[in-house]
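Number of protein chains: 2
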Amino acid sequence: MTTRVPQERRRRRPTRSGVLLSEDLIVETALRLIGEHGPEALSVRRLGAALGCDPTALYRYFDGTDDLVLAIADRIIGEAMAGFAPGADWVAGLREMALRVRAGYLAHPRAAALAAHRVTRRRNEIRAVDTGIGLLLSAGFPPAEAARLYLAFIDTVLSHAATEAAFHALPRQGREADQRAWRDAYQDLDPVAYPALTAVRRELPAMADSSFEQSVDLLLQALEARAPLTRPGGSARPRSAASLP
Amino acid sequence: MTTRVPQERRRRRPTRSGVLLSEDLIVETALRLIGEHGPEALSVRRLGAALGCDPTALYRYFDGTDDLVLAIADRIIGEAMAGFAPGADWVAGLREMALRVRAGYLAHPRAAALAAHRVTRRRNEIRAVDTGIGLLLSAGFPPAEAARLYLAFIDTVLSHAATEAAFHALPRQGREADQRAWRDAYQDLDPVAYPALTAVRRELPAMADSSFEQSVDLLLQALEARAPLTRPGGSARPRSAASLP
DNA sequence: ATATTGGGTCAACCCTGTTGACGTAAGGCG
DNA sequence: CGCCTTACGTCAACAGGGTTGACCCAATAT
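Quick note, the sequences are listed as chains A and B, same order. Residues 161 to 405 in the working numbering are what the first sequence lists, from first letter to last. Residues 161 to 405 in the working numbering are what the second sequence lists, from first letter to last.
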């Protein structure tokens with residue numbers, strides 16, 4: 161497994177350009193690079209150039225690109241969940257949690273696309289799991305069901321966020337092509353071969369939009385319907401009238 | 161500018177090693193390559209070597225790596241949906257569709273990691289979209305809502321499948337380590353700092369299991385609750401009976 | 001039989017991540 | 001204060017990636 165840098169770095173030596181490298185500085189610069197010049201700007205060489213050091217100097221701080229990406233991912237999770245304090249309404253809490261995770265990933269699409277399907281098992285992730293399961297427990301779900309439902313919830317949120325991030329991480333060309341596809345390729349179809357597509361033809365351009373919130377809403381609706389306790393916030397959303405008492 | 165090969169290829173010319181190239185042969189070889197040696201084994205050069213042709217010959221059939229990946233994705237969809245004929249029960253139809261897509265991606269776990277997040281805009285995908293939207297229309301949803309809900313449905317299915325495929329694509333070592341993590345790393349936690357995790361401690365090993373079916377069930381439950389028409393199959397939802405003892 | 005052109009080949013360019021050797025300066029220690 | 005160790009920044013090099021343009025042969029259309 162990754163032989164990470166053991167402890168506090170004591171000895172510092174400025175680079176040729178006078179910069180004092182540090183793990184934090186490298187991660188921050190990597191995120192800035194991605195934010196400014198697009199997802200494909202993250203490479204060891206470019207990162208070295210942005211830091212004003214030799215690219216290979218980064219290998220003194222990280223075992224490789226993978227290790228660096230994990231460090232970035234850890235920071236993203238920390239940023240996303242920073243200051244999150246759920247209230248009494250567990251449905252609203254889960255929804256905000258979903259939106260925070262999604263925003264965190266979308267803020268750094270390339271890093272997210274690389275680290276999306278990975279279980280970090282680090283502090284920030286553990287804290288998030290505790291928070292999420294806590295919300296389901298507060299809804300009255302017994303422990304076993306709370307754990308299972310949380311898994312379904314977070315897997316849905318994470319995999320959707322990963323999908324969106326992966327799309328944003330595509331090179332500009334492919335991204336636009338994918339969006340255009342719903343207007344172009346799906347428009348002139350044989351009505352006999354594709355009756356359903358023909359029926360919803362005018363709605364297809366909207367398929368380029370994100371389904372994240374729609375999916376989360378559907379999931380939360382189902383969770384609320386199954387919850388042993390009614391939630392404190394009351395039924396602010398129209399669909400919950402159909403839920404069980 | 162995707163200048164895809166217009167129609168049937170008429171002129172054939174064997175490569176130096178005597179192989180007759182074709183779009184199908186290239187895609188099949190790519191899938192075999194990925195299945196045998198992992199996703200990183202897919203490169204234009206290696207694929208050329210496996211086919212017994214010059215690497216750049218592939219550019220006569222695909223605009224680039226991206227185009228090839230889309231063709232691979234579409235073939236996986238085609239394999240998964242082959243022979244699928246939904247009955248009157250639209251919920252059951254969507255569920256089978258979900259399971260088929262999942263099985264298709266799991267059959268090629270390593271290719272799925274590359275392909276699952278893309279819009280192929282090819283024949284097999286278009287047919288699948290038509291089928292799925294058709295099922296929602298048969299449930300009585302108006303066109304706009306059918307399109308939006310289908311997007312949420314298929315995005316959930318695809319992104320979950322991608323997550324699972326990515327896990328299955330891990331080397332055996334890392335997979336077992338990930339599963340052990342739920343027993344090990346999440347077991348000895350500070351009960352004060354992580355109360356919820358402590359409460360569900362005995363259920364955590366189950367977190368290593370898949371949440372695919374659970375998530376699909378939740379989604380279908382929400383869809384059924386919103387459907388204008390009651391479904392022909394009756395309301396014998398497997399969920400309530402399938403809940404844990 | 002000849003003209004056309006699809007498409008396989010080759011060389012070249014610029015990008016990537018990663019490694020090993022090298023040397024310099026920082027910091028502990030006498 | 002000055003040595004000695006070693007952290008770490010630098011450099012050169014390697015192997016592999018995608019993609020392009022020129023070249024030219026042969027398969028087909030006429």
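Note that beta-carbon positions come from the ideal geometry of N, C-alpha and C, so glycine has one too.
Taking a cut-off of 8 Å for Cβ pairs, the region 299-318 of chain A and the region 350-365 of chain B touch, as three or more such pairs fall below it.
L364(B) sits in a helix when the DSSP states are folded into three classes.
Taking P388(B) as reference, the option from Y354(B), A233(B), P365(B), S298(B) with the minimal CA-CA separation is S298(B). Rounded to whole angstroms, the separation of the alpha carbons of A263(B) and A240(B) is 7 Å.
Note on V376(A): 16 or more other CB atoms within 10 angstroms of its CB, so buried under the neighbour-count rule. Under the three-pair Cβ rule at 8 Å, the region 344-358 of chain B does not count as touching the region 279-291 of chain B. The DSSP-derived three-state label of F313(B) is helix.
Chain order gives the chain B residues near H320(A) as D315, T316, S319, where near means a beta carbon separation below 8 Å. Using a Cβ distance threshold of 8 Å, A325(A) and Y265(A) count as a contacting pair. Residues are counted here when their Cβ sits less than 7 Å from a Cβ of chain A; for the region 295-312 of chain B these are L297, P303, A304, A306, A307, R308, L311, A312, given in chain order.
R173(B) is outside the set of residues whose beta carbon lies under 8 Å from a beta carbon in chain A. Within the same chain, Cβ atoms closer than 6 Å to the Cβ of S177(B) are found at G212, the five residues on either side in sequence being excluded. Here A245(B) is exposed. Its C-beta has fewer than 16 other C-beta atoms within 10 Å. Around the Cβ of P269(B), a 10 Å sphere holds 16 or more other Cβ atoms; the residue is buried. Here the alpha carbon of G238(A) sits roughly 11 Å from the alpha carbon of I286(A).
A straight line joining the alpha-carbon of L309(B) with that of T323(A) spans about 17 Å. Residues of chain A with a Cβ closer than 7 Å to the Cβ of V289(B) are, in chain order, L357.
Residue burial annotation: V352(B) is exposed, with fewer than 16 other C-beta atoms found within 10 angstroms of its C-beta.
Distance between E256(A) and I194(A), taken at the CA atoms: about 25 Å. Contact annotation for F327(A) against chain B: H277 [CB-CB distance below 8 Å, chain order]. Annotation for P392(B): A248, D249 place their beta carbon closer than 7 Å to its own, counting only its chain and skipping 5 residues before and after. For the pair V261(B) and T175(A), the Cα-to-Cα distance works out to about 52 Å.
Between T225(A) and V251(A), the C-beta gap is not smaller than 8 Å, which leaves the two residues out of contact. Here the alpha carbon of W342(B) sits roughly 37 Å from the alpha carbon of M367(A). Relative to the Cα of V187(B), the nearest Cα in the group R386(B), F222(B), G198(B), R172(B) belongs to F222(B).
Judged by DSSP secondary structure, E239(B) falls within the alpha helix (DSSP H) whose first and last residues are 225-241. The DSSP-derived three-state label of G300(A) is coil. In the DSSP annotation of this structure, Q347(B) is not part of any alpha helix (DSSP H), being labelled neither H nor E. Minimum Cα-Cα distance from R172(B) among the listed residues T189(B), A190(B), A217(B), L191(B) corresponds to A217(B). In the structure shown, S370(A) falls within a coil segment according to DSSP collapsed to helix, strand and coil. Contact annotation for Q374(B) against chain A: R308, L309, L311, A312 [CB-CB distance below 8 Å, chain order]. Looking at the backbone, the Cα of A382(B) and that of T316(B) are separated by about 13 Å. The three-state secondary structure of A325(B), taken from DSSP, is helix.
In this structure A275(B) is in contact with A233(B), their Cβ atoms being roughly 3 Å apart against a cut-off of 8 Å. Distance from F327(A) to R335(A) at the Cβ level is roughly 7 Å; contact confirmed, criterion being Cβ atoms closer than 8 Å. DSSP, reduced to helix, strand and coil, places D214(A) outside both helices and strands of the structure shown, so it counts as coil.
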